[in-house]
Amino acid sequence: MKKILRFQLKDLTYSCLAYALVMLLLYCVPLVISITFGDIDVGINGNGLPGAVFCLVFGIAVYKEHLLMAVQNGISRKCYFQSVLCVLVIAGCACALIDLLTLFLGVRLGAGFSGNSNFRAIDVWKMCYPGFYDRAGSVSGAAVSFVLSAFVNFLLFASGLVTAGVYCRMAKKFRTFYCVGLPLFMFGVLPVIGAYFHREVFKLVNGFMNIMGFRSNNPFLGVLTMTVLILAILFICYRLLRRTEIS
């Protein structure tokens, strides 16, 4: 397992460095523009969790690109999967830490410009758990934000693994349809179904908010829910890995 783990960690290191550089630029470029042109208020917007997108893409790449190489070099699927789990934890924590460090850097540099209000991960969690963050101190709030961001990264990494696992498991003639159909279903069909069955979707959203602790302002309930989802996805991924034929 050590050989494949070292190889995957090398890829992860380069990828995280590139991600950190992009995040640093996103914070510094608007700051420089604001300092240079004092009358221009520059900000950035985003989903607040860019590390989750990074982990999703990296999870897909790790499974699809490294599996064939590992099997061809005599590495068992069990050792490969154990290595992937280590990379999952490291990547999720690294991205959450980068997000936290860029937040502190922005505060230190005075980069609290108005346009980045929903870009920072901690602001996303403050909207989800306002009661908890009203009571929490700055240190405990940052720590909980780190844990929540890390678990979201774990979840998206595992989702990337199972997405690539289904791709590698199916016959080659169906892979193009899968690559085209999956985003169409996620971003085209599901919103239409949600608009048509809005009452049922509203009930599902309420149930999701309850199990994630949004209603009770309990982030630890959200961590528990994400843990169950991650374990279920990883179980499916391992079953797919065991049944995937390498040619």
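The numbering of the sequence shown is the numbering used here, which starts it at 1036 and goes up by one.
Built from N, CA and C at the ideal position, the CB exists for glycine as well.
Remember, it's a predicted structure, so these values are computed and weren't measured experimentally.
Annotated as proximal: P1254 and F1167, with beta-carbon spacing under 8 angstroms. In this structure, V1187 lies near A1087, with their beta-carbon atoms less than 8 angstroms apart. With distances taken between CA atoms, Y1115 lies nearest to H1101 out of L1219, I1125, H1101 and A1126. Following the DSSP letters along the chain, one finds N1188 inside the alpha helix (DSSP H) bounded by residues S1173 to R1204. Of the other Cβ atoms in all chains shown, 16 or more fall within 10 Å of the Cβ of C1090; this residue is therefore buried. One alpha carbon belongs to P1165, the other to V1179, and they sit about 13 angstroms apart. Judged by pairs of C-beta atoms under 8 angstroms, the segment 1262–1276 touches the segment 1107–1125, as three or more such pairs exist.
When the five nearest sequence neighbours on each side are left out, the beta carbons in the same chain lying within less than 6 angstroms of the beta carbon of G1195 are those of L1091, G1094 and I1095, in order along the chain. With fewer than 16 neighbouring CB atoms inside 10 Å of its own CB, D1169 falls in the exposed class. Each of R1277, F1243, F1042 and F1212 was checked against the Cα of L1264, and the nearest Cα belongs to F1243.
Between M1247 and the set T1262, K1045 and F1237, the nearest pair of CA atoms involves T1262. For F1270, the uninterrupted alpha helix (DSSP H) segment begins and ends at P1254 to R1278. Its chain contains R1204 as the residues whose beta carbon lies nearer than 8 angstroms to that of R1278, once the 5 sequence neighbours on both sides are disregarded; these appear in chain order. Proximity to A1177 across D1158, K1238 and L1084 peaks at D1158, based on C-alpha coordinates. Residue A1267 holds the alpha-carbon nearest to the alpha-carbon of V1197 among A1267, L1047 and F1249.
Of the other Cβ atoms in all chains shown, 16 or more fall within 10 Å of the Cβ of A1126; this residue is therefore buried. In terms of CA proximity to L1047, A1129 leads the group M1036, L1103, P1085 and A1129. Counted as a single uninterrupted DSSP element, the alpha helix (DSSP H) harbouring F1167 occupies residues P1165 to R1170.
Straight through space, the alpha carbons of G1172 and F1209 are spaced by roughly 52 angstroms. In the DSSP assignment, L1225 falls within the alpha helix (DSSP H) that extends over L1225 to Y1231. The residues C1163, in chain order, have a CB closer than 6 angstroms to that of F1249 in the same chain once the five nearest residues on each side in sequence are set aside.
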